[in-house]
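>
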Amino acid sequence: MAWPYHLLDLTHEQKHERRLLLDRYGVYAQLSAFIPILAYQLYRLAVWVYSERKRSKVSYSAIPSSPTLKRSRASTSGNFARSWRTTIWWLEGEFAQGWPSRGKLIAAGVWISWLLFLCVHNTGEDYLHITKRFGVVAASQFPVHYMLSMKSQYSPLAFVFRSSHEQLNAWHRISGRIIHFLLLCHAGWYINYFVQAGVVKKRLTDPVVIVGIIGLVLIDIIAATSLERMRRWSYRVFFILHLMIGLWLLPLIFFHAKPLRIYVIEALVLFLFDLTCRKLDTVTGFATITAVPHTTLVKLKIPIPASKIRRFQSKPGQHVYLSIPPASRPLLSSAPWIHDFLYNPFTVAEASGTDITLVLRALHGPTTKALSTLAQLSKAKPPIQIEGPLGCSQRFPNLAADYDRVLLVAGGIGSTFILPIYLHVQEQLTAEGKSSDRAKLIWSMRSAAEAIWAIDSEKRNTIEEDKHVKIFLTRSNSDDQHHGDEPIPVDGSVELDELQRMEEPVKATGGRERPDLRKILDGTFRHGNEERVAVLVCGPKQMARELREQVGRWVKKGRDVYFHDESFGW
Numbered sequence: 001m002a003w004p005y006h007l008l009d010l011t012h013e014q015k016h017e018r019r020l021l022l023d024r025y026g027v028y029a030q031l032s033a034f035i036p037i038l039a040y041q042l043y044r045l046a047v048w049v050y051s052e053r054k055r056s057k058v059s060y061s062a063i064p065s066s067p068t069l070k071r072s073r074a075s076t077s078g079n080f081a082r083s084w085r086t087t088i089w090w091l092e093g094e095f096a097q098g099w100p101s102r103g104k105l106i107a108a109g110v111w112i113s114w115l116l117f118l119c120v121h122n123t124g125e126d127y128l129h130i131t132k133r134f135g136v137v138a139a140s141q142f143p144v145h146y147m148l149s150m151k152s153q154y155s156p157l158a159f160v161f162r163s164s165h166e167q168l169n170a171w172h173r174i175s176g177r178i179i180h181f182l183l184l185c186h187a188g189w190y191i192n193y194f195v196q197a198g199v200v201k202k203r204l205t206d207p208v209v210i211v212g213i214i215g216l217v218l219i220d221i222i223a224a225t226s227l228e229r230m231r232r233w234s235y236r237v238f239f240i241l242h243l244m245i246g247l248w249l250l251p252l253i254f255f256h257a258k259p260l261r262i263y264v265i266e267a268l269v270l271f272l273f274d275l276t277c278r279k280l281d282t283v284t285g286f287a288t289i290t291a292v293p294h295t296t297l298v299k300l301k302i303p304i305p306a307s308k309i310r311r312f313q314s315k316p317g318q319h320v321y322l323s324i325p326p327a328s329r330p331l332l333s334s335a336p337w338i339h340d341f342l343y344n345p346f347t348v349a350e351a352s353g354t355d356i357t358l359v360l361r362a363l364h365g366p367t368t369k370a371l372s373t374l375a376q377l378s379k380a381k382p383p384i385q386i387e388g389p390l391g392c393s394q395r396f397p398n399l400a401a402d403y404d405r406v407l408l409v410a411g412g413i414g415s416t417f418i419l420p421i422y423l424h425v426q427e428q429l430t431a432e433g434k435s436s437d438r439a440k441l442i443w444s445m446r447s448a449a450e451a452i453w454a455i456d457s458e459k460r461n462t463i464e465e466d467k468h469v470k471i472f473l474t475r476s477n478s479d480d481q482h483h484g485d486e487p488i489p490v491d492g493s494v495e496l497d498e499l500q501r502m503e504e505p506v507k508a509t510g511g512r513e514r515p516d517l518r519k520i521l522d523g524t525f526r527h528g529n530e531e532r533v534a535v536l537v538c539g540p541k542q543m544a545r546e547l548r549e550q551v552g553r554w555v556k557k558g559r560d561v562y563f564h565d566e567s568f569g570w
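Written as structure tokens, this is what we have:
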């Protein structure tokens with residue numbers, strides 16, 4: 001089929017009509033974002049109606065093995081629910097290692113197909129019309145793209161989707177790739193037009209074209225530095241370029257094309273709203289910073305105002321964004337200015353009535369290096385800025401009330417997320433008069449020193465004497481003497497510089513080996529076929545993948561499972 005688009009000589013009225021169509025389809029593309037929002041709300045309504053009808057027929061207070069509950073789950077609606085859970089589980093699985101989930105890829109395919117339809121529909125044979133249409137449709141996505149990156153607790157999309165910023169960030173990356181593709185098409189076809197019309201030299205000196213080319217180059221830089229390999233090479237380079245270019249792009253688009261200014265203004269308003277909310281949610285506290293003996297861990301106790309501490313206590317497993325303010329930087333030796341651009345997420349390991357505790361690993365990044373340096377100042381209490389609390393744990397179901405079994409799996413420092421949730425679940429079980437056997441904690445670590453932060457006087461009995469906590473030490477003392485040549489893992493989540501020979505602060509109640517996740521899960525699920533099970537994990541990516549694979553066997557058998565993998569992959 002011949003190429004349908006040509007360079008047309010249009011009248012003034014025809015150009016005006018084209019302008020109206022371009023503006024109209026830009027609005028269509030932007031308003032289309034409400035379609036998935038509405039679809040999700042309808043889905044939530046359907047789930048709520050189904051749950052209420054089911055609850056009216058069978059009280060959930062019935063024991064899992066009751067005949068009434070068994071008949072309900074064996075009914076037609078019960079079979080549909082099992083099939084639906086299996087489908088959702090498949091959609092949430094990775095398409096391939098390192099790729100987004102199948103569901104996200106399918107949604108991305110549907111969305112870009114719709115935007116491509118809007119790019120070509122009703123463009124006739126006008127080459128410049130379709131060329132401009134790609135640019136307009138791409139620009140119309142910038143406000144939603146910026147909204148997906150919002151970290152404030154007042155993010156509209158986080159509220160609508162009952163999500164958190166780290167979950168929305170995956171959609172932000174997908175949105176960015178779609179916008180990049182559309183803009184590449186827009187720029188490529190415009191350059192082809194310059195070549196066909198013989199005006200390359202003339203147009204490339206036009207300020208409007210120069211601004212457009214600069215903008216495209218900056219977007220290419222964002223796309224390149226956003227690749228996983230580049231982020232691992234230098235996260236700070238990625239973050240700083242991402243932040244600065246994200247700001248520079250807005251004025252470039254503003255001056256590149258007048259019809260796009262409305263989208264620039266919308267994106268800028270969202271950015272400033274997010275920034276203001278985050279600043280208002282940031283507090284400064286004089287932190288007590290100590291190094292955990294024989295490890296690369298650093299422990300921070302940061303006082304929190306009484307007006308805010310309740311938010312930390314209400315939901316375990318939340319995280320904060322930590323930054324080092326100017327007042328603490330004179331104590332640092334190298335490049336203190338870099339901390340103007342760094343906001344690192346750390347899980348709240350404990351929240352008391354007056355302060356919160358963070359436990360983090362000092363690796364090669366500037367923030368953890370700086371905190372490790374500050375930890376050496378024995379009497380100093382440097383000011384530290386904390387933004388939050390944030391995180392998807394704010395949206396967790398009531399694990400103790402809604403599930404018959406709760407299995408929590410931690411790898412090394414991933415216990416800062418898992419341990420507070422475990423203690424909270426046990427408190428809930430006790431308050432509701434239920435058996436503590438319903439919740440179990442599996443904690444795998446390279447050496448016993450990794451548990452030092454968790455066995456202070458307040459928690460010692462809980463950790464060391466709790467029969468439902470199984471600790472696995474995966475490295476023996478003899479191995480500890482030869483740890484120097486082993487590199488820190490790339491995913492950076494749980495491995496420690498090991499101890500020299502010392503008395504272990506905790507005992508290996510689970511054994512001196514890696515936990516057999518298949519065996520542990522089988523033991524959890526075999527208590528009863530009708531039991532609902534919640535499984536949460538925080539640790540190395542490989543541990544989470546293996547656990548999800550083993551849980552998937554039971555989901556395929558029709559079991560009702562809540563699964564959560566806590567990780568910061570961006």
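1 is the number of the first residue of the sequence shown in the UniProt record's numbering; add one for each residue after it. We treat Cβ as the ideally placed atom computed from N, Cα and C, and that holds for glycine.
#1: Among all the DSSP beta bridges, which residues are the ones paired with L407?
#2: Which value, in whole angstroms, describes the spacing of the CA atoms of R97 and P305?
#3: Which two residues bound the contiguous alpha helix (DSSP H) that contains K279?
#4: On a Cα-Cα basis, can you pick out the residue from L390, S328, V320 and Q376 that is closest to T357?
#5: Say whether the stretch 135-151 touches the stretch 10-28, bearing in mind that this needs 3 or more beta-carbon pairs closer than 8 Å, one atom from each stretch.
#6: Comparing C-alpha positions only, which one of D220, T284 and L227 sits nearest to G246?
#7: Closest Cβ-Cβ distance between I324 and chain B: below 9 Å?
#8: Whose C-alpha, out of I289, K519, P259 and F346, is nearest the C-alpha of G388?
#9: Kindly indicate which residue of S415, A375 and L360 has the alpha-carbon position closest to the one of L332.
#10: Check whether the stretch 424-440 and the stretch 275-287 are in contact - that is, three or more C-beta pairs closer than 8 Å.
#11: Give every residue of the same chain whose Cβ lies closer than 7 Å to the Cβ of H145, excluding the five residues on either side of it in the sequence, and list them in chain order.
#12: Taking DSSP's pairing of strands, which residues face M244 in a bridge?
#13: Return the residue from the list W453, Y422 and I452 that minimises the CA-CA distance to K467.
#14: Any idea if D12 is buried or exposed, counting beta-carbon neighbours within 10 angstroms, 16 or more meaning buried?
#15: Looking at C-alpha atoms only, which residue of Y235, I106 and S444 is the closest neighbour of I338?
#16: How is Q385 classed by DSSP in three states: helix, strand or coil?
#17: Below 6 Å CB to CB, which residues in the same chain sit around V537 once its five sequence neighbours on both sides are set aside?
#18: Where does K434 fall in DSSP's three states?
#19: Check A170 in the structure and name its three-state DSSP category.
#20: Per DSSP, what kind of secondary structure is M150 in: helix, strand or coil?
#21: Spatial neighbours of F417 within its chain, please: CB distance less than 7 Å, with the 5 preceding and 5 following residues excluded, ordered by chain position.
#22: Going by the DSSP bridge assignment, what does P303 pair with across the sheet?
#23: So, with DSSP's three-state summary, where would you put D479?
#24: Looking at the secondary structure, which residues open and close the alpha helix (DSSP H) in which I214 lies?
#25: What did DSSP end up calling I324 once you bin it into helix, strand or coil?
#26: Looking at the structure shown, is E125 part of a helix, part of a strand, or coil, going by DSSP?
#27: Can you give the beta carbon distance from T290 to K299, rounded, assuming they're within the 8 Å contact cut?
#28: Taking the C-alpha atoms as reference points, what is the distance between H294 and A449?
#29: Check whether the stretch 222-240 touches the stretch 186-200, counting contact only when three or more Cβ pairs, one atom from each stretch, lie closer than 8 Å.
#30: Beta-carbon separation of I309 and I384 under 9 Å?
#31: How many whole angstroms separate the CB atoms of F563 and P515, which I take to be in contact at a CB cut-off of 8 Å?
#32: Out of L216, V211, G212 and H242, point me to the one whose CA is closest to S226's CA.
#33: Sorted by chain position, which residues of the same chain lie with C-beta nearer than 6 Å to S372's C-beta, five sequence neighbours on each side aside?
#34: What does a CB cutoff of less than 8 Å around T430 pick up in its chain, not counting 5 residues either side in sequence?
#35: Out of curiosity, what's the CA-to-CA distance linking A158 and H6?
#36: Once DSSP output is grouped into helix, strand and coil, what is the label at A107?
Reading off the structure:
#1: Residue 407 sits at position 407 when you count from the first residue of the sequence shown. L407 is bridged to K440 and V535.
#2: Within the sequence shown, the letter at position 97 stands for residue 97. Within the sequence shown, the letter at position 305 stands for residue 305. It is worth fixing the name first, because residue 97 is Gln in this sequence and not Arg. Roughly 43 Å between the two C-alpha positions.
#3: Taking the first residue of the sequence shown as 1, we reach residue 279 at position 279. Per DSSP, K279 belongs to the alpha helix (DSSP H) from R261 to L280.
#4: Along the sequence shown, read from residue 1 onward, the residue named residue 357 stands at position 357. Minimum Cα distance to T357 is reached at V320.
#5: yes
#6: Here the question's residue 246 lines up with position 246 in the sequence shown. Measuring from the Cα of G246, the nearest candidate turns out to be D220.
#7: Of the protein chains in this structure there is only one, and it is not chain B.
#8: The residue labelled residue 388 in the question sits at position 388 within the sequence shown. The residue with the shortest Cα to Cα distance from G388 is F346.
#9: Here residue 332 refers to the residue found at position 332 of the sequence shown. Closest by alpha carbon: A375.
#10: no
#11: Numbered from its first residue, the sequence shown carries residue 145 at position 145. If we look at H145 and ignore the five residues flanking it on each side, its Cβ neighbours are H172, S175, G176 and I179.
#12: As a position in the sequence shown, residue 244 is number 244, starting the count at 1. In the DSSP output, where bridge partners are listed per residue, M244 has none listed.
#13: Here residue 467 is taken as the residue at index 467 of the sequence shown, counted from 1. If we check each option's Cα against that of K467, Y422 comes out closest.
#14: Along the sequence shown, read from residue 1 onward, the residue named residue 12 stands at position 12. Residue 12 is actually His in this sequence, not Asp. The residue in question, H12, is exposed, as its Cβ has fewer than 16 Cβ neighbours within 10 Å.
#15: For the purposes of this step, residue 338 is taken as residue 338 along the sequence shown, with counting starting at 1. Minimum Cα distance to I338 is reached at Y235.
#16: As a working note, residue 385 is residue 385 in the sequence shown. Q385: strand per DSSP, three-state reduction.
#17: Here residue 537 refers to the residue found at position 537 of the sequence shown. The answer, listed in chain order, is V409, A544, L547 and D565.
#18: Position 434 of the sequence shown, counted from the start, is the residue given in the question as residue 434. Coil, per DSSP.
#19: Translated into the one-based positions of the sequence shown, residue 170 becomes position 170. It is helical.
#20: Looking up residue 150 in the sequence shown gives position 150. If DSSP states are grouped into helix, strand and coil, M150 belongs with coil.
#21: As a working note, residue 417 is residue 417 in the sequence shown. Once the five neighbours on either side are set aside, the close Cβ partners of F417 are G317, T347, C538 and E566.
#22: For the purposes of this step, residue 303 is taken as residue 303 along the sequence shown, with counting starting at 1. Beta-bridge pairing links P303 to D355.
#23: Working through the sequence shown from its first residue, we reach residue 479 at position 479. Its pLDDT being 46, under 50, D479 is placed unreliably by the model, and the measurement read from it follows with that caveat. It is helical.
#24: Residue numbering aside, residue 214 sits at position 214 when the sequence shown is read from its first letter. P207 to T225 is the span of the alpha helix (DSSP H), which, as asked, contains I214.
#25: Sequence index remark: in the sequence shown, residue 324 carries index 324 (1-based). Here I324 sits in coil by DSSP.
#26: Translated into positions along the sequence shown, residue 125 becomes position 125. Reduced to three states, the DSSP call for E125 is coil.
#27: Stepping through the sequence shown from its first residue, residue 290 is reached at position 290. Stepping through the sequence shown from its first residue, residue 299 is reached at position 299. That belief holds up - the Cβ atoms of T290 and K299 are roughly 5 Å apart, short of 8 Å.
#28: Counting from one through the sequence shown, the residue named residue 294 turns up at place 294. Counting from one through the sequence shown, the residue named residue 449 turns up at place 449. In a straight line, the C-alpha of H294 is about 7 Å away from that of A449.
#29: no
#30: Here residue 309 refers to the residue found at position 309 of the sequence shown. Here residue 384 refers to the residue found at position 384 of the sequence shown. No, Cβ-Cβ distance for I309 and I384 is not below 9 Å.
#31: Position 563 of the sequence shown, counted from the first residue, corresponds to residue 563. Position 515 of the sequence shown, counted from the first residue, corresponds to residue 515. F563 to P515, Cβ: 17 Å. No contact.
#32: Taking the sequence shown and counting its residues from 1, one reaches residue 226 at position 226. Looking at the Cα atoms, H242 is the closest of the given residues.
#33: On the sequence shown, residue 372 is found 372 positions in, with the first residue counted as 1. Once the five neighbours on either side are set aside, the close Cβ partners of S372 are V298 and A362.
#34: Position 430 of the sequence shown holds residue 430. Same-chain partners within the cutoff: S436.
#35: Taking the first residue of the sequence shown as 1, we reach residue 158 at position 158. Taking the first residue of the sequence shown as 1, we reach residue 6 at position 6. Those two C-alpha atoms are separated by around 44 Å.
#36: Taking the first residue of the sequence shown as position 1, residue 107 is located at position 107. A107 falls in the helix class under three-state DSSP.
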